[in-house]
Amino acid sequence: MSADAKKRRRFNPDRDVRPWKGAYVPYDILKEAFVAFLAVLVLILLLAVVFSSPDEPAVTLKTWSAVDPVDFAQTAITELDGSSGTASYGPPYNSTPDASQHMGFFEPNQWFGVHQPIDTAQDFVITPLRTLPNQPLTQAAITLYQHASPAQQTAWTTAYEKAVANATDVNGRLHVPAGRYGPVGIMVGSLTNMAQTGGLDGTLLSEGQFYNTNYTKPLLFLADGSYLADKADAQHLSGDQWGMMNETGNYPGQAWLWLYTMWYQVSPMNSSTNGDLEVWVIMMVLSVGLIFLPFIPILRSIPRWTRVYKLIWRRHYRELASA
Amino acid sequence: MSIDTGTPAETIPPAAPPHPSESHQWTAKVRHAAESAFPPDQLLPDRQPAYMASWIYVFGVLTVVSLAWVIITGCVLAIMGPSWWHVSSTGHFVNSLHLWSVEAFFFFMVIHLWGKFFMAAWRGNRRLTWATGVISFLVSVGAAFTGYLSQQNFDSQWISTQAKDGINSTGAGAVFNVLNFGQMLMWHIVLLPIGVLLIAGLHVLLVRRHGIVPPFAEGGDDTAGTVDTAPTPAGEPA
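Spelled out as structure tokens, the structure:
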């Protein structure tokens, strides 16, 4: 093959262009940018003045336990007995077997292992309770629980779960029917009281140092309960309501996530236990496809076939026709 | 009394013309490459091809200036700290400007992207221009997402606790913890803005380098003949 042949190839209208040999017109690019800069300023000023921006206050463990102590206690017992969503989550929080989402042999969550280790019984219940001063009954209950056999612990937590299912909220105080749940009632009751005073928020956030910015533990505890989800549902933020692309109030939110959120609304992703991974794989394939679209036959021909360009360059084609 | 102010600027000899002996210099090579790739009249042109007569072209510059307002309002929020907008009416207003500049940025960018798609704007050695545009969109999505995580309100709580499942399913949760406010704030105000600015900057430079894509030829005669595969020469409109 000659050197000249190597430099030339057959013209492809979806890949190549003929050099423009037509007219040029004056165009002040900096002036256009400056006018656009001012125009956008006026636009966002108007939008900010008229619509402001949402700022729904954050939920705290204190407000949750005060507003709905029953839900808080029902969640706390699942943290203690290891049946909560976080306790059985798998990586990166713990190594629960078969918990990771997968597509056949593709199980990327397992590749990186546990990076933010969380033992819900210790981190969410026992360790915070151990920080409570002047509560010998609570400390004795913890000691009794920790020294009991696993079977005894399970018997206590199972009995408490049944009892707390019928618990009531009496003027913000948790009232659990009597049962054979040993020290667990005292532990969960103390944890509820601790949360209602605001002490649990600070304790879960603490990582043994003065400054903290990692909210992983309190957020996971909150997410294990129903209170946060119910509040989100009322704000049209649930997964089946196009989820997190929405925003509190009547704001556009992250509308650009519509395609990502859409996959959660359709089968099989909307009911699959591996739905998150399936959606992410789809989005990764689509994103890479969009980047490499100029190389993909058929797809790169769509603009020429749809002829929307005739609308964009209508003046050019009109002048060509008249010429 | 006179004061020695050092060598006057005028006495500094002008840059020597290119000399074969300079070819080994990194500085000379970079300067020559930059001058070759971006001659001034191409970097800041005062004329454009006549076919550039559509409102769709405005959305590119609107995207860039919206990004400028996103950065400006974000810098004001950064100066005052992450809690300011929750406790100050002025801060809340600046946050509103930041929010709406982001909404405007994405609105204009998506229209720009669709416009370029229907122009098949990757034609004529512009595939890298297209790719950098798409990548800057994807990185911008990440930057906006971490912004929502950094709000420190109910929205942040809900979005982070929902998003963790998707992120964790990919394994990325091991190093990108959406529940860690401090980490997300750093991604939002340092790492991702740097990424957006670098990629968007490269995208704009490539647009200036190759110019705007010409229209499809009428009548289907485009399919005839061959094409030179060499990149568009610098300084020559594409």
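Those protein sequence lines, which keep their order, are chains A and B. Per numbering that gives the first Met the number 0: the first sequence = residues 0 to 322. Per numbering that gives the first Met the number 0: the second sequence = residues 0 to 237. Glycine is no exception: its CB is placed at the ideal position from the N, C-alpha and C atoms.
{"Asked": "Where does the unbroken beta strand (DSSP E) through R172/A begin, and where does it stop?", "Found": "172-174"}
{"Asked": "What's the gap between the Cα of S51/A and the Cα of Q24/B?", "Found": "55 Å"}
{"Asked": "Counting pairs of beta carbons, one from the stretch 69-87 of chain B and one from the stretch 117-135 of chain B, are three or more of them closer than 8 Å?", "Found": "no"}
{"Asked": "Taking three-plus beta-carbon pairs below 8 Å as touching, is the stretch 164-182 of chain B in contact with the stretch 199-213 of chain A?", "Found": "yes"}
{"Asked": "Does the beta carbon of A47/A come closer than 8 Å to any beta carbon on chain B?", "Found": "yes"}
{"Asked": "Could you tell me which chain B residues have their CB closer than 9 Å to the CB of A35/A, listed as they occur along the chain?", "Found": "V57, V60, L61, V63, V64, S65"}
{"Asked": "Which value, in whole angstroms, describes the spacing of the CA atoms of T62/A and G178/A?", "Found": "28 Å"}
{"Asked": "Restricting to runs no shorter than 4 residues, where is the alpha helix (DSSP H) found entirely within the stretch 62-104 of chain B?", "Found": "83-86"}
{"Asked": "Would G165/B pass as a contact of W279/A if the rule is Cβ separation under 8 Å?", "Found": "yes"}
{"Asked": "Taking Cβ positions only, does V109/B come closer than 8 Å to chain A?", "Found": "yes"}
{"Asked": "I'd like the list of long-range same chain contacts for S135/B, defined as Cβ closer than 7 Å, with 5 residues on each side in sequence excluded.", "Found": "V195, I198, A199, H202"}
{"Asked": "Take every Cβ of the stretch 297-308 of chain A, pair it with every Cβ of the stretch 11-25 of chain A, and state whether three or more of those distances are shorter than 8 Å.", "Found": "yes"}
{"Asked": "Looking at H187/B: is its Cβ nearer than 8 Å to the Cβ of A142/B?", "Found": "yes"}
{"Asked": "For the stretch 56-77 of chain A, which residues have a beta carbon sitting closer than 8 Å to at least one beta carbon of chain E?", "Found": "In the displayed structure, chain E is absent; the protein chains listed are A and B."}
{"Asked": "Where does F294/A land, buried or exposed, given buried means 16+ other C-beta within 10 angstroms?", "Found": "exposed"}
{"Asked": "Give the interface partners of E31/A over in chain B, defined as CB-CB distance under 7 Å, in chain order.", "Found": "V60"}
{"Asked": "Report the rounded CA-to-CA distance for A231/A versus V140/B, giving the unit in angstroms.", "Found": "22 Å"}
{"Asked": "Starting from the C-beta of H235/A, find all residues in its chain whose C-beta is less than 7 Å away, skip the five residues before and the five after it, and write them out in chain order.", "Found": "N245"}
{"Asked": "Consult DSSP for M102/A and reduce its assignment to one of helix, strand or coil.", "Found": "strand"}
{"Asked": "Taking T62/B as the reference, give the member of F153/B, L42/B, T26/B, G132/B with the closest Cα.", "Found": "G132/B"}
{"Asked": "Would G170/B count as contacting chain A if we go by Cβ distances under 8 Å?", "Found": "yes"}
{"Asked": "Within 10 angstroms of the Cβ of P7/B, are there 16 or more other Cβ atoms? Answer buried if so, exposed if not.", "Found": "For P7/B, the predicted model reports a pLDDT of 47, less than 50, meaning its position is unreliable; a value from the coordinates is still stated below. Label assigned to P7/B: exposed."}
{"Asked": "In the structure shown, what three-state DSSP assignment does V24/A receive?", "Found": "strand"}
{"Asked": "How big is the Cα-Cα spacing for V175/A and D70/A?", "Found": "12 Å"}
{"Asked": "Which same chain residues, not among the five before or five after N268/A, have their C-beta less than 7 Å away from its C-beta?", "Found": "For the record, residue 268/A in the displayed sequence is Met; it is not Asn. Closer than 7 Å at Cβ, skipping near neighbours: W262, G274, E277, V278."}
{"Asked": "Determine, for V133/B, whether the minimum Cβ-Cβ distance to residues of chain A falls below 8 Å.", "Found": "yes"}
{"Asked": "Who are Q240/A's beta bridge partners in DSSP?", "Found": "Partner(s): none; Q240/A has no beta bridge."}
{"Asked": "Measure the Cβ-Cβ separation of Y92/A and Q115/A and say whether it is below 8 Å.", "Found": "yes"}
{"Asked": "Excluding the five sequence neighbours on either side, which residues of its own chain have a C-beta within less than 7 Å of the C-beta of R129/A, listed in chain order?", "Found": "I141"}
{"Asked": "At the level of alpha carbons, what is the spacing between D118/A and G171/A?", "Found": "28 Å"}
{"Asked": "Looking at the secondary structure, which residues open and close the beta strand (DSSP E) in which Q167/A lies?", "Found": "Note that residue 167/A is Thr in the sequence shown here, rather than Gln. Run containing T167/A: 167-169, per the beta strand (DSSP E) assignment."}
{"Asked": "L96/B and A47/A: beta carbons closer than 8 Å?", "Found": "yes"}
{"Asked": "Quick one: using the 10 Å Cβ neighbour count with 16 as the cut-off for buried, is I297/A buried or exposed?", "Found": "exposed"}
{"Asked": "Counting only runs of 4+ residues fully inside the stretch 207-241 of chain A, write out the alpha helix (DSSP H) ranges in chain order.", "Found": "215-223, 226-233"}
{"Asked": "Please look up how many angstroms separate the CB atoms of A130/B and I290/A, rounded, as I've assumed it's under 8 Å.", "Found": "5 Å"}
{"Asked": "At 8 Å on the CB atoms, spell out the chain A contacts of R126/B, in chain order.", "Found": "P293, F294"}
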